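This report concerns only the one structure given below.
As structure tokens, then:
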């Protein structure tokens with residue numbers, strides 16, 4: 001069963017995404033801030049990290065950078081954010097993000113994109 005680490009500070013979005021992926025058969029580990037998310041990255045060994053950009057303590061861009069710097073596994077990273085500015089999207093990809101989805105988003109679209117990332 002693939003494991004997702006979801007780093008999202010909006011409790012409603014976190015719960016909705018968590019429930020969707022549990023129904024899809026994933027194991028989901030949640031974090032409400034970037035600092036805790038990076039700690040869980042080390043202890044949980046996820047297959048996919050879904051991170052918001054605007055997070056308490058540590059930004060989503062710092063999370064993307066940390067995933068690439070401190071893991072030797074191929075972890076897929078999907079950034080979900082209300083910030084659709086081109087330079088922010090570009091920076092996320094330069095740091096190692098595999099996909100970027102702008103809020104608001106469809107849970108079904110997110111699930112399709114995650115499954116596609118796991119196949120590649």
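Numbering (the UniProt record's numbering), first residue to last: 1 to 120.
Glycine included, C-beta positions come from ideal geometry on N, C-alpha and C.
In this text, all values refer to a predicted model and were calculated from it rather than measured experimentally.
With H, G and I counted as helix, E and B as strand and the rest as coil, what does DSSP make of residue i?
i           : result
residue 124 : Only positions 1 to 120 of the chain appear in this structure, which leaves residue 124 out of reach.
residue 75  : coil
Which two residues bound the contiguous beta strand (DSSP E) that contains residue i?
i          : result
residue 5  : 3 to 7
residue 52 : 48 to 52
Considering just the uninterrupted stretch of the alpha helix (DSSP H) at residue i, what are its terminal residues?
i           : result
residue 112 : 107 to 119
residue 70  : 60 to 70
residue 38  : 34 to 44
residue 55  : That residue, residue 55, is in no alpha helix (DSSP H); it is neither H nor E in DSSP.
residue 97  : Element bounds for residue 97: n/a, residue is neither H nor E.
Applying the 10 Å Cβ sphere with the 16-neighbour rule, what's the burial state of residue i?
i           : result
residue 74  : exposed
residue 31  : buried
residue 104 : exposed
residue 56  : exposed
residue 12  : exposed
residue 45  : exposed
residue 113 : buried
residue 81  : buried
residue 102 : exposed
residue 60  : buried
Can you give the Cα-Cα distance for residue i and residue j, rounded to whole angstroms?
i           : j           : result
residue 19  : residue 48  : 16 Å
residue 7   : residue 120 : 22 Å
residue 71  : residue 38  : 11 Å
residue 76  : residue 86  : 21 Å
residue 65  : residue 117 : 18 Å
residue 40  : residue 5   : 8 Å
residue 58  : residue 94  : 18 Å
residue 83  : residue 9   : 15 Å
residue 92  : residue 69  : 14 Å
residue 106 : residue 97  : 19 Å
Nearer than 7 Å: is that true of the beta carbon of residue i relative to any heavy atom of the ligand PLP?
i          : result
residue 30 : Inclusion of the ligand PLP in the displayed structure is not the case, the ligand content being empty and no account of it being possible.
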